[in-house]
Amino acid sequence: MTDTILKVRDLKTFFQVEEGLVVAVDGVDFDLSVKETLAIVGESGSGKSVTALSILRLIQEPPGKISSGEILYQGKDLLKLTNNAMRRIRGNEISMIFQEPMSSLNPVFTVGRQISEVMIVHEKISKKEAEARAIELIKLVGIPNPEKCMKNYPHQLSGGMRQRIMIAIALACKPKILIADEPTTALDVTIQSQILKLMLDLKNKLDTAIIIITHDLGVVAQLAENIMIMYAGRAVEFGDARSIFKIPLHPYTEGLLNSIPKIDENLKRLKIIEGTVPSPFDLPKGCKFSTRCKYIMKVCREKEPEYQSLKDNRKVRCWKYSGAEENVG
């Protein structure tokens, strides 16, 4: 019996906009195990959030469309479920903490009602039962005086408290998978630390698997067991967190880690990855990172490398690991 709860295979999602076709996610593959924390890391526009929205089938059609692939949750392909069946999965078995709590929470309803509503809809329990459990959830996420908080509206809470309410809503039905999209963005460092500790504590209490989407490698170091690095819609590296931080394989991963200032270094200028992320309307031929890579080879400009498996459950999309070193250009 495998402990894999989610398998994503060759996922492709595109958007048809005025300027043309944007392939936001192009052939992404990964597995998620029970109680695992997987971090999906990359710059803005790399396809992280679209991958998460695709898993929950929250891509707006049009302009977006999941064009191909499989999303196997406990053996069921979510892409083949009816809309009604998918609604029963969302919030109940797979929940998501969205990036900006102020725009995700309804401003005209109390937070207590918003937490209770999830349980009333999915678990068909009474309003009184739902309110009692909502109080327990508010207490669980570390907000003092939960009975009073129940009656507050989102604008009456601080950013950190709103984020905790979003976590409470996401956990209301004890989901098996929690997707957190930039859960600490726009929070100060102290609150960030509290939110990350809270997520770890809740994961251990509820045995929930977590997919955390971020560009903050400090968050990844604290929370993740495995990491998938994305660039221009593609997965370019996968491995356990310790291995990736110790020996990054892909040049992009190396650049991300080198750009983090180190306490024992006295640098006049921070290290950066030269160049910019290519336009989705004008991706380079061959490797999508070739225009910024310091290890550029002739073959990199001509053909895109496969996403290949290496030892120790590492994966990488780079010609450096395909015996192509003789093609230096």
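Quick note: the sequence shown uses our numbering, first residue 2, plus one each step. Every residue, glycine too, gets a C-beta built ideally from N, C-alpha and C.
Check, Outcome
"CB I56 to CB V9, shorter than 8 Å?", "yes"
"Assign L12 to buried or exposed, taking buried as 16 or more other Cβ atoms, counted over all protein chains shown, within 10 Å of its Cβ.", "buried"
"Enumerate in chain order the residues of its own chain whose CB-to-CB distance from V119 is below 7 Å, with the five nearest sequence positions on each side excluded.", "G92, I170, A173 and C174"
"Taking the beta strand (DSSP E) that Q17 belongs to, which residues open and close that run?", "T5 to V18"
"On the three-state DSSP scale, how would you describe T38?", "strand"
"What residues are listed by DSSP as bridge partners for N227?", "L39 and D241"
"What are the boundary residues of the alpha helix (DSSP H) that includes I72?", "Counting along the chain, I72 falls outside any alpha helix (DSSP H), though it belongs to the beta strand (DSSP E) covering G65 to Y74."
"With a Cβ-Cβ cutoff of 8 Å, do V142 and I168 count as a contact?", "yes"
"Taking the alpha-carbon positions, what's the A242 to P249 distance?", "10 Å"
"So V278 and A233 are in contact, right, with Cβ under 8 Å, and what is the actual spacing, rounded?", "7 Å"
"Considering only C-alpha positions, which residue in the set T14, A40 and E307 is nearest to L59?", "T14"
"Does E132 pass the burial test, meaning 16 or more other C-beta atoms within 10 Å, or should it be called exposed?", "buried"
"My output table needs one value for A169: the three-state DSSP class, helix, strand or coil.", "helix"
"Determine the burial state of E307: buried for a count of at least 16 other Cβ atoms within 10 Å of its Cβ, exposed for fewer.", "exposed"
"Once DSSP output is grouped into helix, strand and coil, what is the label at R315?", "coil"
"Write down the C-beta distance between H216 and V42 rounded to the nearest angstrom, noting that I regard them as a contact closer than 8 Å.", "7 Å"
"Assign R270 to one of two classes, buried (16 or more other C-beta atoms within 10 Å of its C-beta) or exposed (fewer than that).", "exposed"
"If you scan the segment 173 to 227 from start to end, which runs of the beta strand (DSSP E) of 3 or more residues do you find wholly inside it?", "178 to 182 and 210 to 215"
"Hey, how far is the Cα of S101 from the Cα of I214?", "The sequence given here has Glu at residue 101, not Ser. For E101 and I214, the distance between alpha carbons rounds to 13 Å."
"Distance, Cα to Cα, I126 vs S194?", "34 Å"
"Are at least three pairs of beta-carbons, each pair with one atom in the segment 220 to 236 and one in the segment 32 to 40, less than 8 Å apart?", "yes"
"So, helix, strand or coil for L22, using DSSP?", "strand"
"Closer than 7 Å by C-beta to V26: which residues in its own chain qualify, once you throw out the five before and the five after it? Chain order, please.", "L12, K13, T14, G48, V51, T52, S55 and G234"
"By a C-beta neighbour count over all protein chains shown, 10 Å radius and 16 as the cutoff for buried, is P86 buried or exposed?", "The sequence as given places Ala at residue 86; Pro does not occur at that position. Classification of A86: exposed, given that the 10 Å Cβ count is below 16."
"Compare the Cα-Cα distances from L258 to each of F282, A210 and A222 and report the closest residue.", "A222"
"In its own chain, which residues sit with a C-beta less than 6 Å from the C-beta of E71, not counting the 5 before and 5 after it?", "R10 and D78"
"Whole angstroms are fine: how far does the CA of I178 sit from the CA of A210?", "5 Å"
"Going by beta carbon distance, what residues of the same chain come within less than 7 Å of I121, once the five residues before and after it are set aside?", "K128 and A131"
"Kindly indicate which residue of A236, H123 and N314 has the alpha-carbon position closest to the one of G28.", "A236"
"Would you mind sorting L218 into buried or exposed? The rule is 16 or more other CB atoms within 10 Å of its CB.", "buried"
"Got a sec? Which residues, its chain only, sit under 7 Å from P147 by beta carbon, not counting five neighbours each side?", "I136, I139 and K140"
"As an exercise, report each continuous beta strand (DSSP E) stretch of at least 3 residues that is fully enclosed by the segment 95 to 171, in chain order.", "95 to 98"
"Alpha carbons only, please: which of V35, Q164, F31 and Y322 is nearest the one belonging to N205?", "V35"
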